[in-house]
Amino acid sequence: MKRDYLLFIGLALIILLLDQVSKWMVVTHIEAHQTLSVIPGFFSLVLVKNR
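Offset between the sequence shown (1-based) and this note's numbering: plus 331.
The structure is reproduced here in structure tokens:
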């Protein structure tokens, strides 16, 4: 049971880290409405901000 919780916490931390890294990549590497292709033809990031 404890191992399941540790696995869940580990996966949650990895997902959180990937989320923060992707946000940092977008903010530091592209301008508004420009596309950053991470995996060409499959996964791209676009910076869009609310007014």
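All residues carry an ideal CB built from backbone N, CA and C; glycine is no exception.
Residue interval of the alpha helix (DSSP H) (run including residue i)
i: V379; result: First-last for V379: undefined, no H or E at that position.
i: E372; result: Checking the displayed sequence, the identity of residue 372 turns out to be Gly instead of Glu. Looking at the DSSP string, G372 is not in any alpha helix (DSSP H), and its letter there is neither H nor E.
i: I361; result: Element bounds for I361: n/a, residue is neither H nor E.
Whole-Å CB distance - residue i paired with residue j, under 8 Å assumed
i: R357; j: L344; result: With the sequence shown as reference, residue 357 is identified as Val, and Arg is not the correct amino acid for it. About 21 Å separates the two Cβ atoms, so there is no contact after all.
Residue i vs residue j beta-carbon contact at 8 Å
i: A363; j: L376; result: no
Residues bridged to residue i (per DSSP)
i: T366; result: V377
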